[in-house]
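Visitor: Sharing a structure, written as structure tokens. Questions coming.
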Amino acid sequence: IAPRENLSTISAFLGDSYHEASEFNVLTFGLGLAMGIALGTVDISLPLGLGTFEIGPVAGCLIVALILGALGRTGPLTWYLPYGVSMSLRQLGLVVFLACAGIKAGGLLHTAPINVSALAAGACITIAACLVTIAMARAIAGKSWPFIGGVVAGVQTQPAVLGFAVGRCGNERVEAGYAAVYPLSMLLKIIFVQIFLMVMK
């Protein structure tokens, strides 16, 4: 509610076009992607001479997105994606990721040895890790179940689990939990692999 004579000023500030509300700034979107990819290619040195590692473009883009999302705006640049655009990009990204992963894994499926013991051990490790994550998030942090679902997906660094949790819950807290732990989980996995390879040599 506002005086009639101020409507033009309010419309200029808030916007009154449905079409403009569904558009996004290609410049800021491209800048965010470029900064994320650049961050992912930076070599980070491990202590004790264990070598260097890169967090990768996915983790780099996520870290940059978290920072830019917290800023919201930098001068004339707006780091905001309309809801419709954001949802479309999420679905497209998940579909492309799963398709590429499936094609790559499917090409080696017929030559991969099937070891029931290894599959059972992997399933037990995965389930145990999920249960520990759920227990810690619930008992220590006291978080809600949608948030915990995102945390489980983030700890496993699995976009497929995130997509399933979002589809079942339909709650943005799932994505908040995923974003809260994904960068650290990815970083720890990379460091662990580097240390493991150094020890096994």
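Positions 9 to 209 (the working numbering) are the ones given, in order, by the sequence shown. In this text, a Cβ means the ideal position worked out from N, Cα and C, and glycines have one as well.
Using 8 Å for Cβ pairs, my map puts phenylalanine 155 next to glycine 185. What's the rounded Cβ distance?
Guide: Reading the sequence shown from its first residue, position 147 is the one you call residue 155. Reading the sequence shown from its first residue, position 177 is the one you call residue 185. Yes, they are in contact, since the Cβ atoms of phenylalanine 155 and glycine 185 sit about 4 Å apart, within 8 Å.
Visitor: If you drop the 5 nearest sequence neighbours on each side, which residues of the same chain put their C-beta closer than 8 Å to that of glycine 83?
Guide: As a first step, residue 83 must be located in the sequence shown, where it is residue number 75. Within the same chain, glycine 83 has no close Cβ partners at all.
Visitor: Examine the Cβ distances between the stretch 119-136 and the stretch 49-69 and report whether three or more of them are shorter than 8 Å.
Guide: No, the stretch 119-136 does not touch the stretch 49-69.
Visitor: Can we say the stretch 81-96 touches the stretch 34-41, given the rule of at least three CB pairs closer than 8 Å?
Guide: The stretch 81-96, when compared against the stretch 34-41, does touch it at the 8 Å Cβ threshold.
Visitor: In chain order, what residues of the same chain have a beta carbon less than 6 Å from the beta carbon of cysteine 69, not counting five sequence neighbours either side?
Guide: What you label residue 69 is simply residue 61 of the sequence shown in a count that begins at 1. Same-chain partners within the cutoff: Gly44.
Visitor: Compare the Cα-Cα distances from leucine 41 to each of Leu97, Ser193, Val189 and report the closest residue.
Guide: What you label residue 41 is simply residue 33 of the sequence shown in a count that begins at 1. The option with the nearest alpha carbon to leucine 41 is Leu97.
Visitor: Near valine 160, which residues of its chain fall below 7 Å by C-beta distance, leaving aside the five closest residues on each side in sequence?
Guide: As a first step, residue 160 must be located in the sequence shown, where it is residue number 152. Around valine 160: Cys138, Thr141, Ile142, Val169.
Visitor: Rounded to whole angstroms, how far is the Cβ of glycine 158 from the Cβ of arginine 176, which I believe are closer than 8 Å?
Guide: The count along the sequence shown starts at 1 and reaches residue 158 at position 150. The count along the sequence shown starts at 1 and reaches residue 176 at position 168. In fact, because the Cβ distance is near 12 Å, the residues do not count as touching under 8 Å.
Visitor: Just to confirm my understanding: we take proline 11, look at its own chain, exclude 5 residues before and 5 after, and list those with CB closer than 8 Å. What are they?
Guide: To locate residue 11, count along the sequence shown from 1; it is residue 3. So no residue of the chain qualifies.
Visitor: On a Cα-Cα basis, can you pick out the residue from Gln164, Glu13, Ile198, Thr49 that is closest to alanine 187?
Guide: For the purposes of this step, residue 187 is identified with residue 179 of the sequence shown, where counting begins at 1. It is Gln164 whose Cα lies nearest to the Cα of alanine 187.
Visitor: Less than 9 Å separating the beta-carbons of methionine 194 and alanine 67?
Guide: In the sequence shown, counting from the first residue as 1, residue 194 sits at position 186. In the sequence shown, counting from the first residue as 1, residue 67 sits at position 59. Result yes, Cβ atoms of methionine 194 and alanine 67 sit closer than 9 Å.
Visitor: Drop a sphere of 10 angstroms on the beta-carbon of glutamate 183, count the other beta-carbons inside from all chains shown, and report buried for 16 or more, exposed for fewer.
Guide: Residue 183 sits at position 175 when you count from the first residue of the sequence shown. Answer is buried; the Cβ neighbour count reaches 16.
Visitor: Can you tell me whether proline 55 is buried or exposed? The criterion is at least 16 other CB atoms within 10 Å of its CB, across all chains shown.
Guide: Along the sequence shown, read from residue 1 onward, the residue named residue 55 stands at position 47. Proline 55 should be labelled exposed.
Visitor: Looking only at its own chain, which residues have a Cβ that is under 7 Å from the Cβ of aspartate 51, when we skip the five neighbours before and after it?
Guide: Walking along the sequence shown from the start, residue 51 turns up at place 43. Counting only Cβ-Cβ distances below 7 Å, and skipping sequence neighbours, we find Thr60, Glu62.
Visitor: Going by Cα to Cα distance, which pick from Asn33, Thr49, Ala109 is closest to leucine 85?
Guide: If you number the sequence shown from 1, residue 85 lands on position 77. The shortest Cα separation from leucine 85 among Asn33, Thr49, Ala109 belongs to Asn33.
Visitor: Do proline 191 and leucine 74 have their C-beta atoms closer together than 9 Å?
Guide: Position 183 of the sequence shown, counting from 1, holds the residue named residue 191. Position 66 of the sequence shown, counting from 1, holds the residue named residue 74. A contact, by the Cβ cut-off of 9 Å.
Visitor: Can you tell me where the alpha helix (DSSP H) with tyrosine 88 in it begins and where it stops?
Guide: Against the sequence shown, residue 88 aligns to sequence position 80. Neither: tyrosine 88 is in no alpha helix (DSSP H) and is coded neither H nor E.
Visitor: Give me the Cα-Cα distance between threonine 17 and leucine 106, rounded to the nearest whole angstrom.
Guide: Taking the first residue of the sequence shown as 1, we reach residue 17 at position 9. Taking the first residue of the sequence shown as 1, we reach residue 106 at position 98. Computed Cα separation, rounded: 47 Å.
Visitor: Would you kindly report the start and end of the unbroken alpha helix (DSSP H) that includes threonine 119?
Guide: Translated into positions along the sequence shown, residue 119 becomes position 111. First-last for threonine 119: undefined, no H or E at that position.
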